[in-house]
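Quick mapping for you: the protein sequence lines, in order, are chains A and B. Under this note's numbering, the residues of the first sequence are numbered 1 to 409, in order. Under this note's numbering, the residues of the second sequence are numbered 1001 to 1092, in order. We put the beta carbon where it would ideally sit given N, CA and C, even for glycine. For reference, the structure is listed below as structure tokens.
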Amino acid sequence: MTVVKQKLLALSGDEAVAYAVKQSDVDVVAAYPITPQTIIVEKFSEYVHNGEVDTEFICVESEHSALTACLAAAATGARTFTASASAGLALMHEILYVTSGCRAPVVMTIVNRALSAPINIHCDHADSMVERDASWIQIYVENSQEAYDSTIQAFKIAEHPDILLPAMVMLDAFFLSHTLESVNVLLDATVREFVGTRKIPLVRSHEGKLVPFKLDPKNPVTMGPLDLYDYYFEHKKQQEEAMQRALQTIKQVHDEYGEISGRRYGNGLIDPYRLEDADIAAICVGSTAGTTKVVVDQLRAKGVKAGLLRLRTYRPFPSQDLREALENVKAIAVMDRSNSFGAYGGPIFHEVRHVLYDAPTRPQVVNYIYGLGGRDMPQTLIHEIYKDLQKIVKTKRVEKPVQFIGVRE
Amino acid sequence: MTSKQKGWKEIPIAGVCWTPTTEYLTGDWRTFKPVPDLQKCNKCLLCYVYCPDGAIEWKREAEKIEFNYNYCKGCGICANECRQEAIKMVRE
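In structure tokens, the structure reads:
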């Protein structure tokens, strides 16, 4: 392994993302500001203004237009980027499906923020969790360093000719977006070489010719036409297959990046912490993993076999890796920073428990809804969760499979 | 479903059309059929310009318009626009 030369900068999460985009040779950025994402595109617009990048920066009137512009640019073969949060992402909802359906590899940063009402600008995961079915790759990061690293990786994953799916990278509002951190950045040339130029595969056009898969007057193709019960289903199956292939591609790109940077986040899909011999474990996404690692260390120091599994990639869902990592754990707490109202627990809980149904050991799995609207998740509450897990292992009984934690009665 | 239809492994991604759309004969959507009265027609070609489906052809040799009923959906725009009232919509 040859780790290349890097620079240590003090960057907030948003600035780290902007810096990664600056280095990734992006052709088009179209964006609309929304707290807490604004700094990303604000910072990027400075790079454009100063001539540090030759990106076409399109100011638009809404997030719906921002993503539409990115989709259109990506369809011509351009590398494109946008960023949003909360209500902005919700307004993009329709175009999220159009983008993935057109197989346009747009990369978007989401700074996870609660959805209104009541209006709230702070961290929870409701905005991106609700978009889990939109055929976008979803990567949740733990810190600003990972936000930087994952943004660069996202271009390479999304644009991979076997994948061609848009990708979202999620970072926690304020905890990461507005907090200064030491971030190691690669040199411009290193990033440029790593992401390379976008490779365009060939498709069979209506003229019967093999032509590049992009909108080009010289070689006309039609994308996203009317597609009824005769072929729509086949196109959706293709998207599902690409998603499943992405499991391998995410790992591979993460590995290649690890070789250069010396930084790895588990295997790129899951990031286990002291999990090998654990009896009890928590699962979460995002910055809460950092606090949870501290709690795990404290418990380990007392001889409690506690561990953590941070889910880095949520779409595609790494079912097999997750099952293998967890099948020998006796009790598992899934922490959801969003709620599926009226459901039996939060979205991550649904899938983790569902996957473990196939594990012959069938560990007990419980759910904690925490931190909605940016409510703090201190070590004390995480200790409570592990205490509950210890009790479940001891008594072999679950009293409350799903509960809210950190909410006042 | 007929066996002639392709599977997901055989077709291009993203709904890229691998055959021309003219393979879909949309004329069978029609309820009313435009019938020109060539005596009244002054060959202004307004109908040709307005037709949303390009289903009106100008026959240079014969110097007359001709409807392509394979694609005419019977929307009636041509009849509505014709200043000469030279196009009648007739129930199929």
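Within-7 Å CB hit, A/R198 to chain B: no
Measuring CB to CB, does B/T1031 end up less than 7 Å from B/G1076? no
Given this structure, state the Cα-to-Cα distance separating A/L226 from A/V48, to the nearest angstrom. 38 Å
Indicate the three-state DSSP secondary structure (helix, strand or coil) for A/P272 in the structure shown. strand
Report the option in A/S338, A/I110, A/W136 whose CA atom is closest to the CA atom of A/S86. A/I110
Which residues in chain B sit within 8 Å of A/G422, going by Cβ to Cβ distance? No answer is possible for residue 422 of chain A: it lies beyond the span of chain A, which begins at 1 and ends at 409.
Which complete beta strand (DSSP E) runs does the stretch 311 to 399 of chain A hold, if anything under 3 residues is left out? 313 to 315, 331 to 336, 364 to 370
With DSSP collapsed to three states, give me the class of A/I137. strand
Cα-Cα separation, A/R323 to A/V295: 23 Å
Could you work out which residues of chain B lie near A/T80, taking near to mean beta carbons separated by less than 9 Å? None at all; the shortest Cβ gap to chain B is about 15 Å.
Exposed or buried, which one is B/G1015 when buried takes at least 16 other CB atoms within 10 Å? buried
Does DSSP put B/W1029 in a helix, in a strand, or in coil? helix
So A/R192 is in the alpha helix (DSSP H); what residue range does that whole segment cover? 188 to 195
Reduced DSSP category for A/D172 - H, G, I as helix; E, B as strand; rest coil: strand
Closer than 8 Å is the cut-off here; do at least three beta carbon pairs connect the stretch 179 to 187 of chain A with the stretch 58 to 71 of chain A? no
Which residues in chain A have a C-beta closer than 7 Å to the C-beta of B/W1008? List them in chain order. E234, K237, Q238
Could you give the distance in angstroms between the alpha-carbon of A/R132 and the alpha-carbon of A/I348? 10 Å
Give the residues from the stretch 216 to 230 of chain A that approach chain B closer than 7 Å (Cβ to any Cβ), ordered along the chain. V221, T222, M223, G224, P225, D227, D230
Identify whether A/V48 lies in helix, strand or coil by the three-state DSSP scheme. helix
Could you tell me the distance, in whole angstroms, from the CA atom of A/K237 to the CA atom of B/A1086? 50 Å
Once the 5 residues before and after A/I163 are set aside, which same chain residues still bring their CB inside 7 Å of it? I157, A242, R245, A246, T249
Residue span of the alpha helix (DSSP H) that contains A/E240, given as start and end: 232 to 261
Along the stretch 1048 to 1080 of chain B, what residues have a CB closer than 7 Å to any CB found in chain A? none
Flag B/I1011 as yes if its beta-carbon sits less than 7 Å from any beta-carbon of chain A, otherwise no. yes
Closest to A/T76 by C-alpha separation, out of A/L215, A/E42, A/G258, A/L299, would be which residue? A/L215
Any beta-carbon of chain A closer than 7 Å to the one on B/T1026? no
Distance, A/H354 Cα to A/I392 Cα: 19 Å
A/L164: contacting residues in chain B (beta-carbon distance under 9 Å): I1013, A1014
Locate the beta strand (DSSP E) running through A/N112, then write down its first and last residues. 107 to 112
With a CB to CB cut of under 6 Å and the five nearest residues on each side skipped, what residues in its chain are close to B/T1002? Residue placement at B/T1002 is poorly supported in this model, since its pLDDT is 49, which falls under 50; the coordinates still yield a value, given next. Result list for B/T1002: empty, nothing under 6 Å.
Rounded straight-line distance, which links the Cα of A/K5 to that of A/V311: First, the amino acid is wrong: residue 311 of chain A is Leu here, not Val. Near 29 Å, if we compare the C-alpha coordinates of A/K5 and A/L311.
Return the chain-ordered list of same chain residues with a C-beta closer than 7 Å to the C-beta of A/S182, the five sequence neighbours on each side being excluded. L8, A10
Out of A/Q153, A/A167, A/A30, A/H383, which one is the CA nearest neighbour of A/V304? A/H383
Within its chain, find whatever has a CB closer than 7 Å to the CB of B/N1068; leave out the 5 residues flanking it on each side and keep chain order. A1055, E1057
Where does A/F233 land, buried or exposed, given buried means 16+ other C-beta within 10 angstroms? exposed
May I have the straight-line CA-CA distance separating A/Q390 from A/G224, to the nearest angstrom? 53 Å
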